[in-house]
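Colleague: Dumping the structure here so I can ask a few things about it.
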Amino acid sequence: MIVLYILAYVALIACVAIIVAKMVGYLKKPMHLRWEIYPVAHEAPERLKHGGSYMEELDWWKKPYHSSTLGTLTGFLKEALFLHATYEHNRPLWVRTYPFHVGLYLLIGSLGLTVICSFCLMANYLGWFLQLCATLAMLCNVLGFLGVLWGSLSLIQRRMTQRDLRKYSMPEHFFNLGLFAVFSGLGLIMSIIGPRWFVMQGAVFFAGMLTFKAVPVSAVYVLYLLISFFLFIWVPFSFMGHAFMKYFTWHDIRWDDVPAQDSKKVQAGIAANLNLPVSWKASHIKGDGKKTWAEVATTDPTKQDKE
């Protein structure tokens, strides 16, 4: 049983380490290429309606740049909670992926409630608050596992039968979804057969982790934990690790349109990029791995050929 707890600590530390490493790796990379595809969430409401931009204004570069924090937060939450873009542009995919995401959110909520239950157990408190948290966790477990199971199986079906999507489906996509199907299927069975037992097994295990005492749990729950540990390590490392990079991919790439003239950070990023070597050999670039982007931007390779 001690080995199980060691694996739990390793999985938790590895999960955090991989997420942090991904974020640090992104921040160390050259400045991203901004999309500048409108509308962006932080634009003024009157412009959001038609997909407008501050660049529509006459002499916009002479005016102060404005960004709505509330608009950014609203746009981010709308996408994170409801997958709004997928709903608008790919409804058949949305009915499959949305239950999957909501199921994960519910399971995360259940995890938090189970941890609260573990604190109650450590305090020898068995009152109404513990019972309330356990009941809510039971509800989240059943609905969450159902959502993930439906989502993972239907997404596998979609990737296998939808021709355009099948072209871009790799073995890892099917492995990830299959793994979640097994995880959620096992969790759903245990949550239906013994809903309160399942929550209390988790609470007892977390209490053992927090007090560094190897409290025994049932064999079937050990199997569930082992799959969970693997997911904790694998998900941040896999394609699904995009979930932890949403801030960067949305706020920092899709929505970032700060004028270079107003940002020393952007100016420094552009200057650094201009000094990077170019290996792109297209006729209008003619990079050789030594020529920099600054040289490309200040010369005309096609004109040089004519000369």
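Going by the working numbering, the letters in the sequence shown line up with residues 319 to 625, in that order. We treat Cβ as the ideally placed atom computed from N, Cα and C, and that holds for glycine.
1) With which residues is residue 595 paired in a DSSP beta bridge?
2) Any idea what DSSP makes of residue 381, helix, strand or coil?
3) Closest by CA to residue 474, which one among 462, 463, 587 and 489?
4) So what's residue 433 in DSSP terms, helix, strand or just coil?
5) So residue 588 packs on residue 349, CB below 8 Å; how close in whole Å?
6) Measure the C-alpha to C-alpha separation of residue 498 and residue 467 and round it to an integer number of angstroms.
7) Jot down the residue ranges of each uninterrupted alpha helix (DSSP H) in the segment 390-422, minimum 4 residues, whole runs only, in chain order.
8) What do you get for residue 419, buried or exposed, if any count of 16 or more other CB atoms within 10 angstroms of its CB means buried?
9) Whose C-beta lies closer than 8 Å to the C-beta of residue 610 among residues of the same chain, with five residues either side of it excluded?
10) Contact between the segment 441-452 and the segment 477-484 is defined here as three or more beta-carbon pairs at a separation below 8 Å; is this criterion met?
11) Which stretch, first to last residue, makes up the alpha helix (DSSP H) that contains residue 459?
12) Could you tell me whether the segment 383-403 touches the segment 548-555, using the rule of 3 or more Cβ pairs below 8 Å?
13) How would you call residue 336, buried or exposed, if buried means at least 16 neighbouring beta carbons within 10 angstroms?
14) Looking at the structure shown, is residue 484 part of a helix, part of a strand, or coil, going by DSSP?
15) Does the Cβ of residue 580 have 16 or more other Cβ atoms within 10 Å, making it buried, or fewer, making it exposed?
16) Taking only three categories from DSSP, how would you classify residue 340?
17) I think residue 546 touches residue 502, with their Cβ atoms under 8 Å apart; what is that distance to the nearest whole Å?
18) Return helix, strand or coil for residue 364, following the three-state DSSP convention.
19) Which of the three DSSP states is assigned to residue 575 in this structure?
20) I'd like the list of long-range same chain contacts for residue 539, defined as Cβ closer than 6 Å, with 5 residues on each side in sequence excluded.
21) What separation, rounded to the nearest whole angstrom, lies between the Cα atoms of residue 421 and residue 461?
22) With a threshold of 8 Å, are at least 3 pairs of Cβ atoms found where one atom belongs to the segment 398-407 and the other to the segment 433-440?
Modeller: In short:
1) The residue labelled residue 595 in the question sits at position 277 within the sequence shown. Residue 595 is bridged to 610.
2) Position 63 of the sequence shown, counted from the start, is the residue given in the question as residue 381. Looking at residue 381 - three-state DSSP - the assignment turns out to be coil, as it is neither helix nor strand.
3) Numbered from its first residue, the sequence shown carries residue 474 at position 156. The shortest C-alpha separation from residue 474 is found at 489.
4) Here residue 433 corresponds to residue number 115 of the sequence shown, with the count starting at 1. Looking at residue 433 - three-state DSSP - the assignment turns out to be helix.
5) The residue given as residue 588 occupies position 270 in the sequence shown. The residue given as residue 349 occupies position 31 in the sequence shown. That pair is a contact at about 7 Å.
6) For the purposes of this step, residue 498 is taken as the residue at position 180 of the sequence shown. For the purposes of this step, residue 467 is taken as the residue at position 149 of the sequence shown. Each residue's Cα considered, the two are about 7 Å apart.
7) 402-407
8) In the sequence shown, counting from the first residue as 1, residue 419 sits at position 101. Its Cβ being crowded by 16 or more others within 10 Å, residue 419 is buried.
9) Position 292 of the sequence shown, counted from the first residue, corresponds to residue 610. Excluding sequence neighbours, residue 610 sits near 592, 593, 594, 595 and 596.
10) no
11) Your numbering for residue 459 matches position 141 in the sequence shown. Here the alpha helix (DSSP H) through residue 459 covers 446-479.
12) no
13) Indexing the sequence shown from 1 puts residue 336 at position 18. Per the 10 Å Cβ criterion, buried.
14) Taking the sequence shown and counting its residues from 1, the one referred to as residue 484 is at position 166. Residue state, collapsed to three classes: helix.
15) Within the sequence shown, the letter at position 262 stands for residue 580. Exposed.
16) As a working mapping, residue 340 is identified with position 22 in the sequence shown. Residue 340 falls in the helix class under three-state DSSP.
17) The residue given as residue 546 occupies position 228 in the sequence shown. The residue given as residue 502 occupies position 184 in the sequence shown. Between residue 502 and residue 546 the Cβ distance is about 11 Å, and since that is not below 8 Å, they are no contact.
18) Locating residue 364 in the sequence shown gives position 46, counting from the first residue. In the structure shown, residue 364 sits in a helix (DSSP, three-state: H, G or I).
19) As a first step, residue 575 is located in the sequence shown; it is residue number 257 there, counting from the start. Reduced to three states, the DSSP call for residue 575 is coil.
20) Counting from 1 along the sequence shown, the entry for residue 539 is found at position 221. Answer for residue 539: 519, listed in chain order.
21) Residue mapping note: residue 421 aligns to position 103 of the sequence shown, counting from 1. Residue mapping note: residue 461 aligns to position 143 of the sequence shown, counting from 1. Near 7 Å, if we compare the C-alpha coordinates of residue 461 and residue 421.
22) no
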